[in-house]
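Single-structure report; data block below.
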Amino acid sequence: MEKKFMSLSWSLGVFVLIMILISKSKSVDAISCQEAIVSLQPCQPFLTGATTSPVILCCENLAKVNAAASTTSARRDLCKCFKQTAPAAGVKPDRAKQLPQLCAVNIPVPIDPSIDCDK
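What follows is the structure, encoded as structure tokens:
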């Protein structure tokens with residue numbers, strides 16, 4: 178009886194560990210719209226035209242968001258997110274286009290309000 182309980186406990190422990198590892202790997206591979214918006218808050222003064230250049234924290238966070246959007250699906254989701262939220266936040270499209278170059282971050286998709294996020 179004790180061996181069955183030990184075997185069941187061990188199997189359950191392994192299953193829980195596998196589930197934790199799977200859930201952790203999924204959360205590392207993607208970033209939500211809300212997480213990206215919060216991360217890019219330091220960029221808002223530049224993006225709205227209140228300052229002439231982005232602050233270092235903006236550029237660091239831009240690089241982190243870019244790295245977190247490592248799949249086509251994640252980039253597509255963020256594209257849609259930014260297209261929806263940018264106008265309401267007062268983001269100037271020309272400023273958004275300048276941001277990757279000013280921050281020396283290579284963004285794999287063009288930053289343009291007319292871009293089709295599904296392509």
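Going by the working numbering, the first residue of the sequence shown is number 178, and it counts up by one from there. Beta carbons: idealized from backbone N, C-alpha and C, even for Gly.
Within 8 Å, strictly: CB atoms of residue i and residue j
| i | j | result |
| --- | --- | --- |
| Phe-223 | Cys-210 | no |
| Arg-253 | Asp-289 | no |
| Ile-208 | Ala-266 | no |
| Ile-336 | Asn-243 | Residue coverage of the chain in this structure runs from 178 to 296, which leaves residue 336 outside it and unanswerable. |
| Gly-226 | Lys-257 | no |
| Ala-240 | Val-282 | yes |
Exposure of residue i, with buried meaning 16 or more beta-carbon neighbours within 10 Å
| i | result |
| --- | --- |
| Pro-277 | buried |
| Pro-231 | buried |
| Ala-246 | buried |
Extent of the continuous alpha helix (DSSP H) to which residue i belongs
| i | result |
| --- | --- |
| Ser-216 | 210–216 |
| Cys-294 | Per DSSP, Cys-294 belongs to no alpha helix (DSSP H) and is neither H nor E. |
| Asp-271 | 270–280 |
| Asn-238 | 233–245 |
| Asp-254 | 249–266 |
| Pro-287 | First-last for Pro-287: undefined, no H or E at that position. |
| Pro-222 | 221–224 |
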